[in-house]
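Keeping their order, the protein sequence lines are chains A and B. Under this note's numbering, the first residue of the first sequence is numbered 331, with each subsequent residue one higher. Under this note's numbering, the first residue of the second sequence is numbered 331, with each subsequent residue one higher. Positions of the beta carbon are idealized from the N, C-alpha and C atoms, including for glycine. Heads up, the thing below is written out as structure tokens.
Protein chains: 2
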Amino acid sequence: MTQAHDTKQRLLDTAQKLFYARSYEDVGVQEICREADVKKGSFYHFFPSKRDLTLDMLDASWKEFRETELPAVFASDIPPLQRLERFLDMQYRHHKAVKEQTGQVLGCPYGNLAGEMSTQDEAIRERVLSIFRDLEAPIEAVLAEAVTAGDLEKLDTRATAAAMVAYIEGLTLLAKTHNDPEVVRTLGPAMLNLVVPVSEG
Amino acid sequence: MTQAHDTKQRLLDTAQKLFYARSYEDVGVQEICREADVKKGSFYHFFPSKRDLTLDMLDASWKEFRETELPAVFASDIPPLQRLERFLDMQYRHHKAVKEQTGQVLGCPYGNLAGEMSTQDEAIRERVLSIFRDLEAPIEAVLAEAVTAGDLEKLDTRATAAAMVAYIEGLTLLAKTHNDPEVVRTLGPAMLNLVVPVSEG
DNA sequence: ACCTTAGTTGACCGGTCAGTCAAAGTCAAC
DNA sequence: GTTGACTTTGACTGACCGGTCAACTAAGGT
């Protein structure tokens with residue numbers, strides 16, 4: 331009974347790991363199966379296609395991140411702007427740890443997929459888009475709180491949150507290209523200056 | 331005599347177009363050859379491998395961009411900070427035009443390749459890295475000029491230029507994920523706030 | 001005991017992958 | 001007008017791609 335659940339979960343976990351370490355197209359279902367110790371027939375018992383596995387993997391991966399990592403980072407135990415710094419620090423430590431384990435900076439699993447697949451698979455593009463939007467929410471909340479507290483001039487919290495997500499993604503891509511997590515540490519704090527004023531009209 | 335040069339060039343141009351529209355792994359040398367009307371044997375006469383073609387393509391593509399587009403954008407006919415705005419506007423217009431032609435925002439050809447290939451091919455990663463570094467130079471020059479002119483507080487021009495490249499890349503990836511060039515237009519100007527202060531010590 | 005259902009297995013499909021090769025064609029220099 | 005370097009050609013390799021399928025196993029419900 332848990333065996334089936336386990337097989338499916340193992341496929342999801344393995345796919346997540348392999349896609350993140352390499353790319354969607356470079357990893358075949360054969361390899362996912364080999365690594366997860368699952369026969370190919372079983373793969374297609376659980377998922378109608380590689381693409382559907384990917385969609386499920388994105389949902390599961392983001393759910394996990396949003397429910398376990400994000401609340402801790404954006405918890406109200408420190409002032410709002412410091413939470414953004416904590417978020418940046420978490421990013422830095424993540425890439426540093428990954429580099430120590432694998433020898434490489436792997437970038438953002440969602441950004442990687444977006445860059446590779448947005449023009450190729452509409453469903454995957456939309457899934458990643460909704461993840462990006464999801465990430466904007468707690469950032470926007472923090473910004474609103476900072477404005478209320480008087481730590482920040484009035485600004486377009488929605489647009490600024492989006493700009494910050496863009497900056498994080500770009501920074502992560504740059505760190506991947508440099509293969510150096512320090513890029514995130516040194517350039518990260520500039521994110522706090524990234525302000526979009528309230529649009530007039 | 332120019333026939334050979336032409337065949338090679340056609341392969342380069344076709345590869346550039348196809349890689350940009352899709353991805354490195356999704357485009358095979360067979361397809362590049364078909365599209366360029368070149369037989370596969372000829373491909374391997376000119377390039378030892380798909381990877382080497384890609385390296386040559388990156389060199390040629392960046393050389394073209396750096397020598398024809400960049401000088402116009404960063405020309406000294408307007409104040410330094412306005413040149414950054416002109417750069418952003420050029421980006422916006424590019425993605426808008428591409429979307430009108432193909433129906434899709436394709437992102438940054440270098441960023442796409444970096445995201446897909448940095449963990450897979452060291453040579454490609456390094457080539458894109460040197461492109462990113464190359465792009466930082468004119469931005470850094472503009473920043474230095476703006477500081478001299480008193481338009482900007484003193485800042486770490488090198489780090490700020492890198493942060494701006496990161497932001498552009500992130501913005502472009504976000505626009506690709508949204509499949510909407512307007513992301514670049516609305517969020518672009520925030521780049522000008524992206525300042526890294528002079529590091530103390 | 002029997003049937004259903006979920007899960008598993010491995011052989012199999014047509015097609016494509018990057019890359020190889022030997023032979024033929026082309027053309028300029030001598 | 002022949003040589004030799006450059007270029008072109010298309011058939012070929014072995015591996016792999018995503019996906020299919022029918023047969024099989026195991027467990028539960030009745």
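Beta carbon proximity, residue i to chain B, threshold 8 Å
i, result
"A:L418", "no"
"A:Y422", "no"
"A:H425", "no"
"A:E512", "no"
"A:V495", "yes"
"A:V358", "Contrary to the premise, residue 358 of chain A reads as Gly rather than Val in this sequence. A:G358 does not count as touching chain B."
"A:A491", "no"
"A:F462", "yes"
"A:H508", "yes"
"A:V525", "yes"
"A:T344", "no"
"A:R396", "no"
"A:E483", "no"
"A:G480", "no"
"A:L436", "yes"
"A:A520", "yes"
Proximity test, Cβ basis, 8 Å: residue i and chain A
i, result
"B:L465", "no"
"B:E355", "yes"
"B:I498", "yes"
"B:E365", "no"
"B:E361", "no"
"B:V528", "no"
"B:V458", "yes"
"B:E446", "yes"
"B:V428", "no"
"B:L348", "no"
"B:L504", "yes"
"B:A453", "no"
"B:T516", "yes"
"B:T449", "yes"
"B:L501", "yes"
"B:R352", "yes"
"B:G371", "no"
"B:D336", "no"
Closest residue to residue i among the options (Cα-Cα distance)
i, options, result
"A:R455", "B:P401, B:L503, B:E365", "B:L503"
"B:N509", "A:K347, A:S460, A:D336", "A:S460"
"A:E446", "B:E452, B:P439, B:D451", "B:P439"
"A:T478", "A:P409, A:L418, A:L436", "A:P409"
"A:Q450", "B:T337, B:F349, B:L342", "B:F349"
"A:E365", "A:Q431, A:L383, A:E466, A:A345", "A:A345"
"A:T329", "A:A496, A:E470, A:A476, A:E475", "This structure cannot settle anything about residue 329 of chain A, because the visible part of chain A is limited to 331 through 531."
"B:E397", "B:A351, B:A427, B:L465", "B:L465"
"B:V472", "B:F404, B:S448, B:A496, B:H424", "B:F404"
"B:L482", "B:L411, B:G433, B:A453", "B:L411"
"A:F338", "A:E499, A:R457, A:D367", "Correcting the residue identity first, residue 338 of chain A is Lys in this sequence and not Phe. For the residues A:E499, A:R457, A:D367, the minimum Cα distance to A:K338 belongs to A:D367."
"B:I498", "B:S379, B:A453, B:D419, B:D343", "B:D419"
"A:R416", "A:H335, A:A474, A:P468, A:V428", "A:P468"
"A:K542", "A:T384, A:F377, A:K369, A:H335", "In the structure displayed, chain A extends from 331 to 531; residue 542 of chain A sits before or after that span and is not available."
"A:R413", "A:R423, A:A496, A:L400, A:P378", "A:L400"
"B:A453", "A:Y354, A:D343, A:T507, A:R381", "A:T507"
"B:A444", "A:H335, A:R352, A:D343, A:D336", "A:R352"
"B:L341", "B:V357, B:R515, B:I362, B:Y354", "B:I362"
"A:V495", "A:V513, A:G441, A:S448", "A:G441"
"A:V357", "A:R381, A:G433, A:F376, A:Y374", "A:R381"
"A:A541", "B:L485, B:E512, B:A476, B:K484", "With chain A covering 331 to 531 only, the question about residue 541 of chain A has no answer from this structure."
"A:S448", "A:Y354, A:S372, A:A476, A:A489", "A:Y354"
Which residue spans inside the region 417–493 of chain B form an unbroken alpha helix (DSSP H) run of at least 4?
439–447, 452–478
Indicate whether the contact test is met: 3 or more Cβ pairs, each with one atom in the region 381–401 of chain B and one in the region 457–473 of chain B, closer than 8 Å.
yes
Check whether the region 490–506 of chain A touches the region 419–438 of chain A, taking contact to mean three or more Cβ pairs, one atom from each stretch, closer than 8 Å.
yes
Does the structure place the region 514–530 of chain A close enough to the region 519–529 of chain B that three or more beta carbon pairs sit under 8 Å?
yes
Mind pulling the alpha helix (DSSP H) runs of 4 or more residues that sit fully within the region 490–523 of chain B?
512–517
Quick check on the DSSP output: what are the complete alpha helix (DSSP H) runs of length 4 or more inside the region 338–417 of chain B, in order along the chain?
359–366, 370–376, 380–394, 400–403
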